[in-house]
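K.L.:
Questions regarding the structure given below will be posed in turn.
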Amino acid sequence: MRPARALPSRPRVAIVGGNFAGLSAAQHLGREYAVTVFDRSATFEWLPGIHELLSGVKRPADLRLPRRRLVTRAGHRFIRAEVAKIDAAAGHLTTAAGRQFGFDLCVVAVGAMGETFGVRGADRYALPFRNVDDCTAIGRRLSTLARAPGKRSVVIVGGGLAGIEALGEILRRYRNREGLGITVVEAGASLVPGLTARLDAAVRARCEGHDVRILTRSAVTAVTRTRVRLRSGATVRSDLTLWTVGATAPALLNASGLADKPRQWAPVTRALRSKHFDNVFVIGDAAALPRRLDKQAYYALQMGASAAGNVKRALAGRALRDFRPSAKPMLVALGDLDTFLVSGRSVIASPSLAALKEAVFQVTMAEIDPPFNASALGQMTGRLRNAARQLAVPTIRRLVRTQRLG
Ligand SMILES: Cc1cc2nc3c(=O)[nH]c(=O)nc-3n(C[C@H](O)[C@H](O)[C@H](O)COP(=O)(O)OP(=O)(O)OC[C@H]3O[C@@H](n4cnc5c(N)ncnc54)[C@H](O)[C@@H]3O)c2cc1C
């Protein structure tokens, strides 16, 4: 890397991807750096909440924030563009439109892409579940399907966190609709493989009495317009198939020499610096750390802050610091039926934990977009008003009903 003295007065930092990790890095860098954030989309998206679009508890506007406002308020420049290649050796990146931008240091925070593992028909007939647009489209299809007469079947491919939360939202809104059945298909031996079996048992228990079938050890081999085929040869009828599994590395990582093969995450040191280029840091889902780390939004936020510190150290010619993730318990919602707090092998279940999950969302959104100006304040008020209408009021009504019954 070039010594700090050879740099222009304001070192140029390019951040590619401006969602959890990239935005956090930008917000932790001061105006003494000429920071440019590149992202293909105009809005920050709260991906951990997109399942709530299925029931209508959240509206797209609740989960989105205008990226330009967030970046410019931090004193930086936002460019809405797809980055096609990062040439770290030459110190510049090129957008899909062919524009070139130079940098002294680059922070890559491009996240993950959906993956259908080559399953026949999955790209064509199953609906992806990765962002606000995807889940808004699913919400519309569900609403139409729920109004149709006769027996209707929804298949959720994947019994991981996203699949469980999708199931919960469908049950929240449609569990009293006659004839609407839901099947969850999971390749692993239990729901949410990797987390404690107690969560599997708790979810199954809450689904009793509802038209829900859970098929574990059932890999999907093909999806058609009306069926989902399993490795056993059996098929499940489906009027609507949701694809909630699989994530792979964006092509940009391999195209830019940050990963050795296509679909591979970019290897980084413990200080989040690329193993291939000294002037690049890779953070968030896109990074492969020396020790495996779950791909979670709160780690992405922490990595952004850590990388910003190391950008400053690298530009000042100082030693880098290792990233030290601090684990948090996980909150998993099953619609309004229950919410689970998972920490290692222990699970606490209570519908009232939904309020804690909502508080985490509200507080983090307010930290990302502090209500210091009229538009941010207006958006925060809208989010709170909608949360009160959709979540608090039904919860209070349920409590009142429960007390009366008791
Ligand atoms: C359905 C679902 C549910 C989830 N639930 C939870 C949860 O409950 N709790 C939790 O902690 N985490 C959850 N996660 C994971 C969490 O969302 C991710 O870990 C987090 O988004 C990673 O942040 P990131 O900044 O690395 O990537 P992302 O948030 O994916 O952001 C990547 C950004 O890079 C941009 N980008 C990508 N390529 C380019 C390019 N070539 N040019 C320009 N811009 C580009 C994208 O537009 C995007 O804005 C969930 C994820 C999904 C999909």
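Numbering that gives the first Met the number 0 applies: residue 0 is where the sequence shown begins, and numbers increase by one. For every residue, glycine included, the Cβ atom is placed at its ideal position computed from N, Cα and C.
1. For the alpha helix (DSSP H) holding Ser273, just list the boundary residues, first then last.
2. Please report the straight-line C-alpha distance between Phe19 and Ala111, rounded to a whole angstrom.
3. Distance check for Ser142 and Arg171, CA to CA, integer angstroms please.
4. Would you kindly check if the distance between the Cβ of Trp242 and the Cβ of Pro127 is under 9 angstroms?
5. Can you list, in chain order, the residues of its chain whose CB lies under 8 angstroms from that of Arg346, leaving out five sequence neighbours each side?
6. Ligand 1 and Lys294: does the residue's C-beta get closer than 8 angstroms to at least one heavy atom of that ligand?
7. How long is the line joining the alpha carbons of Phe37 and Arg79, rounded to whole angstroms?
8. Taking only the alpha-carbon atoms, compute the straight-line gap between Pro59 and Arg174 and give it to the nearest angstrom.
9. How about Gly110: is its Cβ closer than 8 angstroms to a heavy atom in ligand 1?
10. Going along the chain, which unbroken runs of the alpha helix (DSSP H) with 4 or more residues stay wholly within the segment 195-238?
11. Evaluate the contact criterion for the segment 221-231 versus the segment 112-125: three or more CB pairs, one atom per stretch, below 8 angstroms.
12. Taking its Cβ as the centre, do 16 or more other Cβ atoms sit within 10 Å of Glu366, making it buried, or is it exposed?
13. Apart from the five residues on each side of it in sequence, which residues of its chain come closer than 6 angstroms, Cβ to Cβ, to Ser152?
14. Below 8 angstroms on the Cβ atoms is my guess for Val267 versus Leu288; work out the distance and round it to an integer in Å.
15. If you draw a straight line from the C-alpha of Leu160 to the C-alpha of Val107, how long is it?
16. Quick one: residues in its chain with C-beta nearer than 7 angstroms to the C-beta of Ala24, no 5 flanking neighbours on either side, listed in chain order?
17. Can you grab the Cα-Cα spacing for the pair Thr182 / Arg216, in whole Å?
18. Looking only at its own chain, which residues have a Cβ that is under 8 angstroms from the Cβ of Pro47, when we skip the five neighbours before and after it?
19. Roughly how many whole angstroms lie between the Cα atoms of Val427 and Ala87?
20. Have a look at Arg272, Glu168, Pro192 and Cys206 and flag the residue whose alpha-carbon is nearest the alpha-carbon of Ala313.
21. Is the beta carbon of Leu251 within less than 8 angstroms of some heavy atom of ligand 1?
22. Is His75 helix, strand or coil by DSSP?
23. Under three-state DSSP, which class holds Leu257?
24. Near Arg323, which residues of its chain fall below 7 angstroms by C-beta distance, leaving aside the five closest residues on each side in sequence?
25. If you draw a straight line from the C-alpha of Glu185 to the C-alpha of His27, how long is it?
26. Taking Arg11 as part of the beta strand (DSSP E), name the residues at either end of that continuous run.
27. Rounded to whole angstroms, what's the CA-CA distance from Val222 to Ala315? Just pull it up for me.
28. For a minimum of 3 consecutive residues, which ranges assigned as the beta strand (DSSP E) are wholly contained in the segment 305-379?
29. Given a cut-off of 9 angstroms, decide if Gly17 and Leu69 are closer than it, judged by their beta-carbon atoms.
30. Whole alpha helix (DSSP H) runs in the segment 47-71 with 4 or more residues, listed along the chain?
31. Between the alpha carbons of Arg388 and Glu51, how many angstroms are there, rounded?
32. Among Trp45, Gln378 and Leu252, which residue has its Cα nearest to the Cα of His275?
33. Tell me the residue span of the alpha helix (DSSP H) that contains Phe19.
34. May I ask you to report which of helix, strand or coil DSSP gives Asn385?
35. What does Val153 pair with, by DSSP beta-bridge criteria?
36. How would you call Ser351, buried or exposed, if buried means at least 16 neighbouring beta carbons within 10 angstroms?
P.N.:
This is what the structure holds:
1. Residue mapping note: residue 273 aligns to position 274 of the sequence shown, counting from 1. Unbroken run through Ser273: none, as it is neither H nor E.
2. Taking the sequence shown and counting its residues from 1, the one referred to as residue 19 is at position 20. Taking the sequence shown and counting its residues from 1, the one referred to as residue 111 is at position 112. Approximately 12 angstroms between the Cα atoms of the pair.
3. Within the sequence shown, the letter at position 172 stands for residue 171. Within the sequence shown, the letter at position 143 stands for residue 142. Put simply, the backbone Cα of Arg171 is about 13 angstroms away from that of Ser142.
4. Taking the sequence shown and counting its residues from 1, the one referred to as residue 127 is at position 128. Taking the sequence shown and counting its residues from 1, the one referred to as residue 242 is at position 243. If you check the CB distance, Pro127 and Trp242 come in under 9 angstroms.
5. Translated into the one-based positions of the sequence shown, residue 346 becomes position 347. Rather than Arg, the amino acid found at residue 346 in this sequence is Val. Taken in chain order, the residues that qualify are Thr195, Arg197, Leu198, Ala201, Phe339 and Leu340.
6. Indexing the sequence shown from 1 puts residue 294 at position 295. For ligand 1, at least one heavy atom lies less than 8 angstroms from the Cβ of Lys294.
7. The count along the sequence shown starts at 1 and reaches residue 37 at position 38. The count along the sequence shown starts at 1 and reaches residue 79 at position 80. The straight-line gap from Cα to Cα measures roughly 6 angstroms.
8. Numbered from its first residue, the sequence shown carries residue 59 at position 60. Numbered from its first residue, the sequence shown carries residue 174 at position 175. Spanning the two alpha carbons is a distance of roughly 23 angstroms.
9. Here the question's residue 110 lines up with position 111 in the sequence shown. Answer for Gly110: yes, Cβ within range of ligand 1.
10. At a cut-off of 4 residues, the continuous stretches assigned as alpha helix (DSSP H) that sit fully inside the segment 195-238 are 196-206.
11. yes
12. The residue labelled residue 366 in the question sits at position 367 within the sequence shown. Taking all protein chains in view, the Cβ of Glu366 is surrounded by fewer than 16 other Cβ atoms within 10 Å, so the residue is classified as exposed.
13. As a position in the sequence shown, residue 152 is number 153, starting the count at 1. Excluding sequence neighbours, Ser152 sits near Gly180, Arg236, Ser237 and Asp238.
14. Here residue 267 refers to the residue found at position 268 of the sequence shown. Here residue 288 refers to the residue found at position 289 of the sequence shown. Between Leu288 and Val267 the Cβ distance is about 6 angstroms, and since that is below 8 angstroms, they are a contact.
15. As a working note, residue 160 is residue 161 in the sequence shown. As a working note, residue 107 is residue 108 in the sequence shown. Rounded to the nearest angstrom, the two C-alpha atoms are 26 angstroms apart.
16. Here the question's residue 24 lines up with position 25 in the sequence shown. Answer for Ala24: Ile14, Val106, Ala108, Ile282, Gly303, Ala306 and Ala307, listed in chain order.
17. Your numbering for residue 182 matches position 183 in the sequence shown. Your numbering for residue 216 matches position 217 in the sequence shown. Near 14 angstroms, if we compare the C-alpha coordinates of Arg216 and Thr182.
18. By 1-based counting over the sequence shown, the position of residue 47 is 48. The residues are Ala296 and Phe360.
19. Only positions 0 to 405 of the chain appear in the structure, and residue 427 is not among them; the question remains open.
20. For this step, residue 313 is matched to residue 314 along the sequence shown. Ranking the options by Cα distance to Ala313, first place goes to Arg272.
21. Along the sequence shown, one-based indexing puts residue 251 at 252. Relative to ligand 1, Leu251 has its C-beta within less than 8 angstroms of a heavy atom.
22. The sequence position of residue 75 within the sequence shown is 76, counting from 1. It is coil, neither helix nor strand.
23. Indexing the sequence shown from 1 puts residue 257 at position 258. In this structure, Leu257 counts as coil in the three-state DSSP scheme.
24. The count along the sequence shown starts at 1 and reaches residue 323 at position 324. Same-chain partners within the cutoff: there are none.
25. Translated into the one-based positions of the sequence shown, residue 185 becomes position 186. Translated into the one-based positions of the sequence shown, residue 27 becomes position 28. When rounded, the distance between both Cα atoms is 40 angstroms.
26. Position 12 of the sequence shown, counting from 1, holds the residue named residue 11. Per DSSP, Arg11 belongs to the beta strand (DSSP E) from Arg11 to Val15.
27. Numbered from 1 along the sequence shown, position 223 holds the residue referred to as residue 222. Numbered from 1 along the sequence shown, position 316 holds the residue referred to as residue 315. Taking the straight line from one Cα to the other gives about 54 angstroms.
28. 329-333, 337-342 and 345-348
29. Reading the sequence shown from its first residue, position 70 is the one you call residue 69. Reading the sequence shown from its first residue, position 18 is the one you call residue 17. Cβ distance < 9 angstroms, so Leu69 and Gly17 count as in contact.
30. 59-62
31. What you label residue 388 is simply residue 389 of the sequence shown in a count that begins at 1. What you label residue 51 is simply residue 52 of the sequence shown in a count that begins at 1. The straight-line gap from Cα to Cα measures roughly 14 angstroms.
32. Position 276 of the sequence shown, counted from the start, is the residue given in the question as residue 275. The option with the nearest alpha carbon to His275 is Leu252.
33. Locating residue 19 in the sequence shown gives position 20, where the first residue counts as 1. That run of the alpha helix (DSSP H) goes Phe19 to Gln26.
34. Against the sequence shown, residue 385 aligns to sequence position 386. Note: Asn385 maps to helix in three-state DSSP.
35. In the sequence shown, the residue the question calls residue 153 occupies position 154. Answer is Ile181 and Leu239.
36. Taking the sequence shown and counting its residues from 1, one reaches residue 351 at position 352. The residue in question, Ser351, is exposed, as its Cβ has fewer than 16 Cβ neighbours within 10 Å.
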